[in-house]
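Counting along the sequence shown from 1, when you hit position 326 you're at 355 in the working numbering, and nothing is skipped either side.
No residue lacks a Cβ here, since even glycine has one placed at the ideal position from N, Cα and C.
Everything numeric in this text was worked out from a predicted model, so none of it was measured.
One structure is given below, encoded as structure tokens.
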Amino acid sequence: MLREAAIRKKDENILIHIRDKDCVALEVRGDRQDEYQQAYEMFCNAVVQQRLINNQEIMRMSKLTQLFVKMIHIHEGIDLVSYRPDKLKYRLRRDYPELCFHQPFRKNQCEIVYTDSLSAGSLAESLQPTDESSTASSDVESEEYMCTYDVSGQYSMRTLYNAGLIIRNAVKDAPSMTGPWPPTSDDLSLESAKELVPAKLFNLMAWCTGATEEPSLTAYVEVSDEHYVRLMSLCQDIIYLASKGKKQTPKSLCLGLTVRHLTGSSQLLSLLNKFGHCSSWDTVIGLETSLAQLQLATSHLVPKGFAVKTPTVLVWDNIDFGEETVSGHGTTHHTNGIMIQSHITKQAQSQRIETKKGIRSLTPIITELDRFTSVKRVGPQCNCDVTLLNKSQFEMVITPALRSDFLFLLSKHLWDNGGLPSWTGYNIKFQGKETLQKSAIHYLPVVEAPPTEMTTINTILQRSISIADKLHLEHIVLVFDQAIYAKIQEIRWAREGLMQRTVVRLGEFHICMSYMGIIGKRFSDAGLRDILIESGVVAQGSINSVLSGHHYNRAVHSYKLMFEAMEKLRFTVFLDNLTEEQVERYSCVLQEPTSIQQLLAIKFQDVSDLMACYDAFVKKRNQESPTFALWSSFIDMVQLLLVFLRATRDSDWNLHLAAIRLMIPWFFAYDRMNYSRYLPAYWLEMVNLQATHPKCYEELSKRGEWTVQRQDRYSFSSIACDQAIEQTCNRDCKTRGGITLFTLNPGAVQRWILSQPERSAIARQCEVMCGIDEHKRKPKELDHTRIQRDNEAIASIMSTVTSMINPFDHFTEQMVCLSSGAVASDAVKADMMNALEEGEADSVAYMKNRLIANKVDMFSPIKQKKLKTFTENYNNIKKFSKDVVIKQHRKFFARLLIVSQKRRVNLREVFSYSLGSISFPLASASGSLAKTNKAALLHAIEENAVNCVVSEVPSNAAMVVDGMAHVQSMQVIPDTFGELAEAVLSQICGLAVTNKCSRVDFVTDRYDSVSIKNFERSRRAQSGSQMFKIYSGDQKTPRQFKKFLSLGINKEALIEFLFSAWRETRVNLQHLTVFSTSGDHCQCLQLKEGMLEITPCHELFCDHEEADTRLLLHARHAAETTSNIIISSPDTDVAVIALSLLDNFPSATYFMTGAPY
């Protein structure tokens, strides 16, 4: 058969091998004959025999290969990505000699396959449209070729025109969106769009864009998911354009409402509408209004995703819009609310309500607030045993959490290669529990009144009860921040009915912020502020917000990094103090594990023993070193914060209550009066919940019932309810598409609130429609760049602490500030060491006397403790001195009055003298030196002088520069001290060259330990200034450079470093001679024969403490060799002294002030 086919085709390439020979003996066959044989046989029957031979179709080799690969996948279940067309061609030429393979002239086109029985005319007619599309013009084209092109072009035009008519009719016959108005998120999906787009239109777009080559008219061709969403978008735009905007599509409505939701920009939406991508602004506003009306019409129903008789939490919070008004009055203050259930409930499809189309405005519904009649304030009735206050039982509850943190510390110690994530990422990856279901969240109607009013609070309670009734709930949980909690409880505690129907909770988010403020207050001036700034973890402009806890995310992140860095430093000291016997005993934990999973699987007792040894070491060192104890308390406080965060992230109710009990003493110790009053009341109500609301206790004890899960992709990710309202409702209100951007009209506000749930769902559908899959995003804490950045920050903190004072490796009986080395006074030391014990005693007494025994009214004032911190170490008491002076004046006049009665006194003469205890021309009433504006004196001298200002100085001048003034005037501080030295020298040399000088003197002060200037310098110095030792030019400059220069010893160290660094300078001094001072010494630098020559200048050795007079010494020295002297300083003192000594200078003298100073 093969020989006959070859003879019929006259294929000499085959006949030369098999003519007159036994094909069986020669085993004439292709390579790997049986490869995909079943699929090959099916392919030959369906494609080669049926389409190429019988139907005489013309196909390209690439299409045949694609169909063959598809056959292999269907019949043999193998996906071939790179099957070579030449292998299939070999088999086809072998088995079907009648097939012809034609290689087009253009090499980038695939071979054409057809049967040899196809006539030349039929072949040419079939190839004309295809060939025309790839024809290119050329200056050397033949006339015959041009004629062929013209005929081909006319044919293509007819083909394209007919195709256009076919697609136009298909689009015209396409169905419109069905269903009642307004469409919801279920109606605006990608599946709904597919019902509107004709297969002919979709396939044409797929062929035009090269998404596929599969021919089909009745069904959608197969394309990738990425091509599918884009082609569907194009097709919907064509349908919208063909109908002139009358036939809406899911994309046109979905994209328009999403742009409105995200940006609120009518201009952007109009641009997209003019491009044909979405509906008009009027249509979108009409849709939003209809969605709001639909929400009103179904307000009696349970919201979408919610279910009756299911535990529900309501969260209420204030929302302030802060509009700009002339006086500041009249700004808007509302109360927002959200409703939360632990999971989204799928509801059966209900009968849709249709609203009228085309209405753009919503008539606001005015709801009256429930009036409140004030009643006598009463506290909670906490009927519980006093033994419940014992904190030891709650310390046992948090022990597993502390063990988890200890394992985290061990992991970071054993695998210290920078690959492990920080605390949050570590718990997500290795220690997280089962992932919870995504919570259902619904926005509640706004209460158009501030929550500071009791009427608003009463309205919130009544609306909450109404929601509980609609959901058929016996009780409902309410969550507030502390300010609203206090007012809510004032009403609730006075009404028994409200006590039974509601359970009120304090928001964990706001508790965290207040607790972090306590940590910042306690440790800020003990070195925490400087460590965070110098390590680069927190910028100097943000440090106050971090330490106060107001920047929540930044503060939590900073404390996590500080906790890990300080724990590493302390744990390293612990390991260094282990005996050989202890090292051997704990080797199973410290040496044997080869992976984190193996470490986590270590026996509980082995880890507990090491923890106990570590705790014993810490307790021992706490007694030996107050500084060690202080920063150990920092680790303990931050670890308690992490336990509290763990309880929220894992939704562990018992751990939450235990952490709050251990946090309460710190609120009392550092005078957080509001939380000191209400946090114990909240805690006692919650621990007594099993007796007062047993069903609610069971609900809250389940994971996920008291927190919010905003995603279901990974564990350890629940958030607090009051944080959820900040991230959802409050944020949406204030974003670009929120209420604050467009209006505060009551109707518009109600429309925005009512349509928000459905509008958000439609926005998510829009993301799906364009192929954005938010579920692929892993937690940011597990990003490689985030892990690397966190580990670098931790290393920077450790390096910064080590360069200051390592509190765990520094043993002294004094308590010292890590950054400045300042020693705490005895009062500060005592308060810092005893703060926790005093807070514990006060908190227990408060709960016993005011909440349990009711011996004292809960609302009576709580006495502040006013415990001292390092901040009091730096505070100067000024008011006391002034009061003393005033009393002295009163006594003095009393004495004068008595004396005047007995003696003759000329009061006119007496009052001509200074009669106070101090001389007022020299000092103020508080005893400090009198301060005046010395710059005014220089201005007065300039006004009285004639033509004193010059614009240019003659050449051959010498410039004498106030060195420290120049350094302090630098706007940009280089990263290292070596770069700083080069920058200072380069700048003063540039200043000298600009003013045509041949000499420049860099003159600085001396900073003696005993000096009359110390009082003024201490006044100017910032509290807690850090002592700094400069080791090398590669050492980093302090980020708080102004604070660094406020300490005299730091200035002296910098001057000494500049003095030595310039000996090896790479700055080109050119023709300049540079004189620089340090202490009593002076050196001269100049280039001679290309080499830097450094010689001491003994004539300028002096012990002047102030640069004011030393500048004039250098000026007098320079006057001996130059004809012009320029003194550069911003100090008026220098100008006045120079004027007084002007006659002693043989050269012309100029004083430069102002810029760059």
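Counting along the chain, the unbroken beta strand (DSSP E) around I369 starts and ends at 362–370. DSSP lists V990, M1181 as the beta-bridge partner residues of S1157. In this structure the region 330–341 does not touch the region 428–435; the number of beta carbon pairs closer than 8 angstroms is below three. Contact annotation: T318 and S744 have beta-carbon atoms that are not nearer than 9 angstroms.
By the criterion of at least three beta-carbon pairs nearer than 8 angstroms, the region 626–641 is not in contact with the region 862–871. According to the DSSP assignment, T485 belongs to the alpha helix (DSSP H) that extends over 483–499.
CA-CA distance, N1024 to E1093, rounds to 26 angstroms.
Here L439 is not near L225, since their CB atoms are 9 angstroms or more apart.
By the CB criterion at 9 angstroms, A523 and K649 fall outside the cutoff. When secondary structure is reduced to three states using DSSP, V1001 falls in the coil class, being assigned neither helix nor strand. DSSP, read as helix, strand or coil, puts S1027 in strand. Within the region 421–485, the complete alpha helix (DSSP H) runs of at least 4 residues fall at 421–426, 428–443, 452–455. Judged by DSSP in its simplified three-state form, V575 adopts helix.
In the DSSP annotation of this structure, D216 is not part of any beta strand (DSSP E), being labelled neither H nor E. DSSP places L343 in no alpha helix (DSSP H) but in the uninterrupted beta strand (DSSP E) bounded by 342–349. Between the alpha carbons of S1075 and E1128 lies a distance of about 31 angstroms. Within its own chain, the residues whose Cβ lies closer than 6 angstroms to the Cβ of F552, once the five positions on either side in sequence are excluded, are F663, listed in chain order. Residue N347 holds the alpha-carbon nearest to the alpha-carbon of P479 among I369, N347, Q460. At a cut-off of 4 residues, the continuous stretches assigned as alpha helix (DSSP H) that sit fully inside the region 536–599 are 537–552, 557–563, 572–577. No Cβ-Cβ contact shorter than 9 angstroms links N1079 with F1088. When secondary structure is reduced to three states using DSSP, L1076 falls in the coil class, being assigned neither helix nor strand. With respect to the 9 angstroms criterion, A987 and D1030 are classified as neighbours on the basis of their beta carbons. Assignment of beta-bridge partners to H102 by DSSP yields no partner. The region 234–241 and the region 258–267 touch, with no fewer than 3 CB-CB distances between them shorter than 8 angstroms.
For the 9 angstroms CB-CB criterion, N365 and V475 form a contact. For E1122, DSSP records a beta bridge to Q1115. Between C758 and I367 the beta-carbon gap is near 5 angstroms, inside 8 angstroms, which marks them as a contact. Three or more pairs of CB atoms, one per stretch, sit closer than 8 angstroms, so the region 523–535 contacts the region 486–494. Taking the C-beta atoms as reference points, G578 is found no nearer than 9 angstroms to G536.
DSSP places L1170 outside both helix and strand once states are collapsed to three, so it counts as coil.
In this structure, the beta-carbon distance from V1032 to T1106 falls below 9 angstroms. Taking a C-beta distance under 9 angstroms as the contact criterion, T339 and Q370 qualify as a contact pair. Annotation for H256: the continuous alpha helix (DSSP H) segment containing it runs 254–271. If you look at Y514, you'll find it in the alpha helix (DSSP H) that goes 511–521.
Selection W735, T94, G1183, M90 evaluated against C139 yields M90 as nearest (Cα-Cα). At a Cβ-Cβ threshold of 9 angstroms, Q1112 and C1126 count as neighbours.
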